[in-house]
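Worksheet: the structure to be examined is printed underneath.
There are 2 protein chains.
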Amino acid sequence: MPELDTSAAAVLTASRALLAVVARSIAPELDRVTVPQFRVLVILSTAGAPVRNRDLADALGVHPSTFTRNADRLVSGGWVRRAENPENRRETLVSLTAAGRRLVDRVTARRRDEIREVLARLTPAQRRLVLEAMTAFAHAAGEPDVGDLAEFSL
Amino acid sequence: MPELDTSAAAVLTASRALLAVVARSIAPELDRVTVPQFRVLVILSTAGAPVRNRDLADALGVHPSTFTRNADRLVSGGWVRRAENPENRRETLVSLTAAGRRLVDRVTARRRDEIREVLARLTPAQRRLVLEAMTAFAHAAGEPDVGDLAEFSL
DNA sequence: CCTCACTGATGTAGTGATACAACGAATGTA
DNA sequence: TACATTCGTTGTATCACTACATCAGTGAGG
């Protein structure tokens, strides 16, 4: 299947371009939060609800104590909030503050804008092509595992 | 242009899937080199020739002394080699060792294999679609700037 | 030849990420 | 009730990354 290799090469090239977009979308925030810290914000953002300390550590693949320290810094920065779980007082629930949510939104918006800019350079026909192809690809790739994204989760 | 937003959303989703692929492709090497170290290897690999210490620091956007320390670790690990520039003895040229090149190749191969797996789930018609669309997108996005990739350069 | 600029390395120092051990508090169970 | 388990935090330690100041060697130009 030679066409498989050709297509794979095209995707590989496109992935580099997308990676650059992703990198640029976070770059402006890197003096506020570090990449590991941003990973936490992303997980909390997609969760949409307070998450247990332990579950966050598991999702990130780090030791619970490691996460405690990271959370300390995020709390100091005002990006997340800690609260005792009323239903189980030995658990700590971490959730995004308004500032934390805004930060994630800002990155997403920046990314979307950049992608839009690229798409604006295409013809409408090409855009339809991209829409179909990207949808098909994303579907075939399946929902990205939280664990995988946690590796970098930009 | 509502179709622009729809397409952008599709690309955004696909970018997440690709990001997961990228993350998985490096994960197995993360106990050998760190991400900043891997960035160095990628730059050297794309350069294809020895690069000056100073130029590497610039490409990475770090202080020259910072790069010296990073290079120290890479040399210790056997991933890169330092050599005095014969034409200018105050310059140090850094180049990949065979092991360093193999490491980068391994990551690339892993990435390509994963993409191929995803594409194998598509129909030949869809693959042609993906080939065209990804090529068009990558072209419109332009060559990723070294500086951008250097941010993470996974 | 002498001065000046450049290059890379080192000394020093601070921050972040990480893990392991231990501890106290809360919860679950026999 | 007594014991075991779970959970988060803290103490301790290590390592990577980063920058600034400094220094010695090198090269270029007057």
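Protein chains in written order, with my numbering: chain V, 1 to 154; chain X, 1 to 154.
Note that CB positions come from ideal geometry on N, CA and C, so glycine has one too.
Bear in mind the structure is a predicted one, so any value in this text is a computation, not a measurement.
For the segment 85-101 of chain V, there are no residues whose beta carbon sits under 9 Å from a beta carbon of chain X.
The three-state secondary structure of residue 91 (chain V), taken from DSSP, is coil. Pairing residue 15 (chain X) with residue 18 (chain V) gives a Cβ-Cβ distance under 8 Å.
Closest in C-alpha terms to residue 91 (chain V), from the list V:102, V:35, V:115, V:68, comes V:68. Unbroken alpha helix (DSSP H) runs of no fewer than 4 residues, entirely contained in the segment 7-93 of chain X, are found at 35-47, 53-60, 64-77, following chain order. Remark: three or more beta-carbon pairs, one from each stretch, lie closer than 8 Å, so the segment 132-144 of chain X and the segment 125-133 of chain V are flagged as touching. Identification of chain V residues near residue 126 (chain X) by a Cβ-Cβ cut-off of 7 Å yields 136, ordered along the chain. In this structure, the straight-line span from the alpha carbon of residue 86 (chain V) to that of residue 78 (chain V) is close to 22 Å. The beta carbon of residue 110 (chain X) sits closer than 6 Å to the beta carbons of 25 from its chain, once the five residues preceding and following it are set aside; these are given in chain order.
One finds 8, 11, 12 in chain V with Cβ atoms closer than 7 Å to the Cβ of residue 115 (chain X), taken in chain order.
For residue 103 (chain X), the enclosing alpha helix (DSSP H) begins and ends at 98-120. Residue 82 (chain V) is positioned such that its CB atom lies closer than 8 Å to that of residue 94 (chain V). Shown here, residue 123 (chain V) sits in coil according to DSSP, grouped into three states, outside any helix or strand. Between residue 127 (chain V) and residue 4 (chain X), the CB-CB gap stays under 8 Å.
Taking every protein chain shown into account, the CB of residue 41 (chain V) has 16 or more other CB atoms within 10 angstroms, so this residue is buried.
Across the set X:62, X:142, X:104, the C-alpha of X:104 shows the shortest separation from the C-alpha of residue 38 (chain X). Taking a beta-carbon distance threshold of 8 Å, residue 3 (chain V) counts as an interface residue toward chain X.
The beta carbon of residue 57 (chain V) sits closer than 6 Å to those of 64, 67, all from its chain and outside the five residues before and after it, given in chain order.
Rounded to the nearest whole angstrom, the CA to CA distance from residue 50 (chain V) to residue 74 (chain V) is 15 Å.
At least 8 Å separates the CB of residue 29 (chain V) from every CB of chain X. Residue-level contact by beta carbon holds for residue 119 (chain X) and chain V, with a gap shorter than 8 Å. Taking C-alpha positions only, residue 21 (chain X) is separated from residue 84 (chain X) by approximately 38 Å.
If you draw a 10 Å sphere on the C-beta of residue 7 (chain V), you find 16 or more other C-beta atoms in it, and that means buried. For residue 97 (chain V), the closest alpha carbon among the candidates V:89, V:59, V:76 is that of V:76.
Put simply, the CB of residue 73 (chain X) is far from chain V, with every gap to its CB atoms at 8 Å or more.
In this model, residue 36 (chain X) and residue 71 (chain X) are separated by some 11 Å (Cα to Cα).
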